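If you count the sequence shown from 1, position 135 lands on 135 in my numbering, and the numbers rise without skipping.
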Amino acid sequence: MVVIVRMGSYSWKRKEDIWIRVLWVVVSGRLFGWLAVGRVLLLLHSSQKVFEWDQTLEEVNIYITLPPNVPTKLFHCKIQPKHVEVGIKGNPPYLNHDLSSPVKTDCSFWTIEDDIMHITLQKRDKGQTWASPILGQGQLDPYATDLEQKRLMLQRFQEENPGFDFSQAQFSGNCPDPRTFMGGIRSD
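Laid out in structure tokens, this is it:
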């Protein structure tokens, strides 16, 4: 079953309980197809969306839909090596949690655009697969974790071998850890 939800210039396409961020391609006024621009995972609490997130080899991105009619200058975000706090100034924080793994604070940042707070956390350990940005909250099940690890491993192969196309590559069986496979990730 495929469910499509429109959200601004991007849409979210759900297949097998995984959300994929897609950009619809329209040619001469006709829908031509879509281009996947990243996998987005959801953290839910009591059936309410807390945030959406995705990851690459180097970073974890968190997307929080902001409440309407609150000036953007009132929002704050504090990123520490193992902790994140998000909220509206003068109120209890919306998020106040330890992170699953440490981040580089000097390379991590946050922005607000179109009523979405986008938090970019630079992974301290490049290639590490995060099961969730928040320690002990909304952990991916083993199947979804394996899919993420395979996706990151293919991303690593593509980064290390830019002349090759790994878009159709697949792993049979268990996927190795992208961070430690064959001596680890090269540092350029």
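We put the CB at the ideal spot given by N, CA and C, even for glycine. Small disclaimer: the values here were computed from a predicted structure and weren't measured.
Looking at residue i: is its Cβ nearer than 9 Å to the Cβ of residue j?
{"i": "Pro133", "j": "Ser108", "result": "no"}
{"i": "Ile185", "j": "Pro176", "result": "no"}
{"i": "Ile88", "j": "Pro102", "result": "no"}
{"i": "Val84", "j": "Leu74", "result": "no"}
{"i": "Ala169", "j": "Leu154", "result": "yes"}
{"i": "Pro81", "j": "Lys49", "result": "no"}
{"i": "Ala131", "j": "Gln122", "result": "no"}
{"i": "Asp98", "j": "Leu135", "result": "yes"}
Tell me the rounded alpha-carbon separation between residue i and residue j.
{"i": "Glu59", "j": "Asn69", "result": "30 Å"}
{"i": "Thr120", "j": "Pro71", "result": "21 Å"}
{"i": "Ile142", "j": "Gln128", "result": "Contrary to the premise, residue 142 reads as Pro rather than Ile in this sequence. Rounded to the nearest angstrom, the two C-alpha atoms are 15 Å apart."}
{"i": "Glu52", "j": "Gln137", "result": "13 Å"}
{"i": "Val26", "j": "Gly90", "result": "Summary for Val26: the model assigns pLDDT 39, below 50, so the residue's position carries little reliability, and this model does not support an answer."}
{"i": "Met182", "j": "Asn61", "result": "27 Å"}
{"i": "Gly163", "j": "Arg156", "result": "13 Å"}
{"i": "Asp115", "j": "Ala144", "result": "28 Å"}
{"i": "Gly173", "j": "Glu113", "result": "41 Å"}
Measure the beta-carbon distance from residue i to residue j and round it to whole angstroms, keeping in mind my assumption that it falls under 8 Å.
{"i": "Met198", "j": "Ile64", "result": "The structure shown has nothing for residue 198, since the chain only spans 1 to 188."}
Under 7 Å Cβ to Cβ from residue i, same chain only, skipping five residues before and after it: list those, please.
{"i": "Thr111", "result": "His118"}
{"i": "Gln158", "result": "Phe166"}
{"i": "Pro93", "result": "Glu85, Val86 and Gly87"}
{"i": "His76", "result": "Gly87 and Lys89"}
{"i": "Lys150", "result": "Phe171 and Cys175"}
In its own chain, which residues sit with a C-beta less than 6 Å from the C-beta of residue i, not counting the 5 before and 5 after it?
{"i": "Lys126", "result": "Leu57, Glu58 and Ile185"}
{"i": "Glu160", "result": "none"}
{"i": "Thr180", "result": "none"}
Identify, in the order they occur along the chain, each residue of the same chain with its Cβ nearer than 8 Å to the Cβ of residue i, setting aside the five sequence neighbours on each side.
{"i": "Leu152", "result": "Gln55, Thr56, Leu57, Gly127, Thr129 and Pro178"}
{"i": "Arg124", "result": "Pro81, Ser101, Pro102, Val103 and Lys104"}
Ordered list of beta strand (DSSP E) runs contained in the stretch 70-132, each at least 3 residues: 75-80, 83-88, 95-98, 103-113 and 116-123
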